[in-house]
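**Student:**
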Amino acid sequence: MSRGLLRLRFPRPRTFLGFMSLQTGTELIALSLVFNRITGIYGILALFTGFPLSFLQISLYLLSLLVVGSLAYLIPHIRQQSPFQCLALAFLYGIDTLLNFAYVTFFATTWYLSQFHDPQGPASKGDIPESASPSNGEGYEHDDAQRNQLNKAVGVQESAASMCLVVGFTVVRIYFALVVCAYARAVVQRYVDMNSGWAGGPLGSGEVDDDNGKEEGHAPDPFVEGAPLGEGWQGKMGRAMVGFGRGYWLGGRKEDEEWAREIGGRLRGGSRYSRV
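The opening position of the sequence shown corresponds to residue 1 in the UniProt record's numbering, with each subsequent residue numbered one higher.
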């Protein structure tokens, strides 16, 4: 693979924030998601108080409860480096990130339209007082056009700040998703390396049931039928997850080695001691 294509490949962080391991980063990210989604419990309690909620709000709160319950099961497996659970955590966080972005986009769009394009919205009602006191002490009045212009100017500033926050949080969530996926990928490939000598099994022979797993540079599928992780519903679900982005989960070893050699060469060229 050429250097140009190598640099355009899917990002694979090696550390979290540049100084913490992927395992520590994944644990912190999972805990932050728990605290973020635990608010869904309070949202469900609002139903018992008679507070009116829309269908989207109810679905968001139910999704939060589902995510919290799943995390309670998956988080202990981060430290245990369980391939299936770590892979499931990566998919859970990725799906939650996409759904969260969809919800935020919908609510932000609805709020923007109701505030600045609805004839009955605050931006069209002229909330600025009729009179004010300038520096000379004389009163003056705004006409409707001036009030609307001032309201729109304030609204644009508020919406711009809100948009910056939404974009910033979205970028952070995407980076967190990349870290969780990178850790799950490392766990899966480490498991394959440790069990590649399994006597008589698919991992030992490198045999798989489909042609996708025979691509050059790909590790054998740890969830293939007949392997220790390939039995039951977890095996079927594991094969489905690995099949979605097989080149990422099981491939890329040559690129990783080339990246390590390149970084090692730079360190050796710039310092007497090098460490990758």
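Every residue, glycine too, gets a C-beta built ideally from N, C-alpha and C.
None of the values given here were measured: they were computed from a predicted structure.
(1) Phe10 by DSSP, collapsed to three states: which one?
(2) Secondary structure at Phe107, three-state DSSP: helix, strand or coil?
(3) Terminal residues of the continuous alpha helix (DSSP H) containing Glu18?
(4) I'd like to check one pair, Tyr175 with Leu22: are the Cβ atoms closer than 7 Å?
(5) Less than 7 Å between C-beta atoms, sequence neighbours within five positions excluded: which residues of the same chain meet that for Leu5?
(6) Over what stretch of residues does the alpha helix (DSSP H) that includes Val224 continue unbroken?
(7) Distance check for Leu229 and Leu60, CA to CA, integer angstroms please.
(8) Less than 7 Å between the beta carbons of Gln234 and Phe84, yes or no?
(9) Which residue marks the beginning of the alpha helix (DSSP H) containing Gly232, and which one marks its end?
(10) Can you tell which of Glu231, Val192, Val187 has its C-alpha closest to the C-alpha of Ala88?
(11) Looking only at its own chain, which residues have a Cβ that is under 6 Å from the Cβ of Gly25, when we skip the five neighbours before and after it?
(12) Going straight from the alpha carbon of Pro220 to that of Phe10, what length do you get?
(13) With distances taken Cα to Cα, identify the nearest neighbour of residue 300 among Leu98, Tyr248, Phe101, Cys164.
(14) In this structure, how does DSSP classify Phe91 when only helix, strand and coil are distinguished?
(15) Taking the alpha carbon of Ser64 as the reference point, which residue from Trp111, Ser32, Cys181 has its own alpha carbon closest?
(16) Spatial neighbours of Ile78 within its chain, please: C-beta separation below 6 Å, excluding the five flanking residues on both sides.
(17) Under 7 Å between the Cβ atoms of Thr109 and Arg173?
(18) Answer with buried or exposed for Pro222, where buried requires no fewer than 16 other C-beta atoms within 10 angstroms of its C-beta.
(19) Considering only the alpha carbon of each residue, which of Val166, Ser54, Val68, Phe48 lies closest to Ala102?
(20) Please state if the CB of Ala177 and the CB of Tyr73 are separated by a distance shorter than 7 Å.
(21) With C-beta atoms as the reference, is Ala30 less than 7 Å away from Ile58?
(22) For residue 331, count the other beta carbons within 10 Å of its own beta carbon; 16 or more makes it buried, fewer makes it exposed. Which is it?
(23) Could you name the residues of the same chain whose beta carbon sits closer than 7 Å to that of Ser70, not counting the 5 residues immediately before and after it, in chain order?
(24) Pull up the distance between the alpha-carbon of Val224 and that of Asn195, whole angstroms please.
(25) What separation, rounded to the nearest whole angstrom, lies between the Cα atoms of Met20 and Cys181?
(26) Grouping DSSP H, G and I as helix and E and B as strand, with all else coil, what is residue 304?
(27) What residue range does the alpha helix (DSSP H) around Phe48 cover?
(28) Going by other Cβ atoms of all chains shown within 10 Å of its Cβ, with 16 needed for buried, is Ala227 buried or exposed?
**Tutor:** Based on what the coordinates show:
(1) For the purposes of this step, residue 10 is taken as residue 10 along the sequence shown, with counting starting at 1. In the structure shown, Phe10 sits in coil (DSSP, three-state: anything other than H, G, I, E or B).
(2) Residue numbering aside, residue 107 sits at position 107 when the sequence shown is read from its first letter. Three-state DSSP puts Phe107 in a helix.
(3) Translated into positions along the sequence shown, residue 18 becomes position 18. The sequence shown places Gly at residue 18, rather than the Glu named in the question. Gly18 -> no alpha helix (DSSP H), and no H or E assigned at all.
(4) Taking the sequence shown and counting its residues from 1, the one referred to as residue 22 is at position 22. Taking the sequence shown and counting its residues from 1, the one referred to as residue 175 is at position 175. Not in contact: Leu22 and Tyr175 (Cβ atoms no closer than 7 Å).
(5) To locate residue 5, count along the sequence shown from 1; it is residue 5. Because Leu5 sits at a pLDDT of 42, beneath the cut-off of 50, its placement in the model cannot be relied upon, and the point is left open.
(6) Looking up residue 224 in the sequence shown gives position 224. It is not in any alpha helix (DSSP H) - Val224 carries neither H nor E in the DSSP assignment.
(7) Counted from its first residue, the sequence shown places residue 60 at position 60. Counted from its first residue, the sequence shown places residue 229 at position 229. One C-alpha to the other measures close to 33 Å.
(8) Walking along the sequence shown from the start, residue 234 turns up at place 234. Walking along the sequence shown from the start, residue 84 turns up at place 84. Taking 7 Å as the Cβ cut-off, Gln234 and Phe84 qualify as a contacting pair.
(9) Taking the first residue of the sequence shown as 1, we reach residue 232 at position 232. Start and end: 232-243.
(10) As a working note, residue 88 is residue 88 in the sequence shown. Looking at the Cα atoms, Val187 is the closest of the given residues.
(11) Taking the first residue of the sequence shown as 1, we reach residue 25 at position 25. Excluding residues within five positions, the ones whose Cβ falls inside 6 Å are Phe16, Val179.
(12) If you number the sequence shown from 1, residue 220 lands on position 220. If you number the sequence shown from 1, residue 10 lands on position 10. Each residue's alpha carbon lies about 20 Å from the other.
(13) It is not possible to answer for residue 300, since the shown part of the chain is limited to 1 through 276.
(14) Walking along the sequence shown from the start, residue 91 turns up at place 91. Of the three classes helix, strand and coil, the one that applies to Phe91 here is helix, per DSSP.
(15) Taking the sequence shown and counting its residues from 1, the one referred to as residue 64 is at position 64. The option with the nearest alpha carbon to Ser64 is Ser32.
(16) Numbered from its first residue, the sequence shown carries residue 78 at position 78. Closer than 6 Å at Cβ, skipping near neighbours: Thr26, Glu27.
(17) For this step, residue 109 is matched to residue 109 along the sequence shown. For this step, residue 173 is matched to residue 173 along the sequence shown. Their beta carbons are not under 7 Å apart, which means Thr109 does not touch Arg173 by this criterion.
(18) To locate residue 222, count along the sequence shown from 1; it is residue 222. Buried is the call here.
(19) By 1-based counting over the sequence shown, the position of residue 102 is 102. Comparing Cα positions, the closest option is Val166.
(20) Against the sequence shown, residue 73 aligns to sequence position 73. Against the sequence shown, residue 177 aligns to sequence position 177. No, these two residues do not count as a Cβ contact at 7 Å.
(21) As a first step, residue 30 is located in the sequence shown; it is residue number 30 there, counting from the start. As a first step, residue 58 is located in the sequence shown; it is residue number 58 there, counting from the start. No, Cβ-Cβ distance for Ala30 and Ile58 is not below 7 Å.
(22) Since the first residue of the chain shown is 1 and the last is 276, residue 331 is not available in this structure.
(23) On the sequence shown, residue 70 is found 70 positions in, with the first residue counted as 1. Leu92, listed in sequence order.
(24) Along the sequence shown, one-based indexing puts residue 224 at 224. Along the sequence shown, one-based indexing puts residue 195 at 195. The straight-line gap from Cα to Cα measures roughly 13 Å.
(25) On the sequence shown, residue 20 is found 20 positions in, with the first residue counted as 1. On the sequence shown, residue 181 is found 181 positions in, with the first residue counted as 1. Looking at the two C-alpha atoms, the distance is approximately 16 Å.
(26) This structure cannot speak to residue 304, because the chain is shown only from 1 to 276.
(27) Reading the sequence shown from its first residue, position 48 is the one you call residue 48. Phe48 -> alpha helix (DSSP H) spans 39-48.
(28) Taking the first residue of the sequence shown as position 1, residue 227 is located at position 227. Buried, by the Cβ-count rule.
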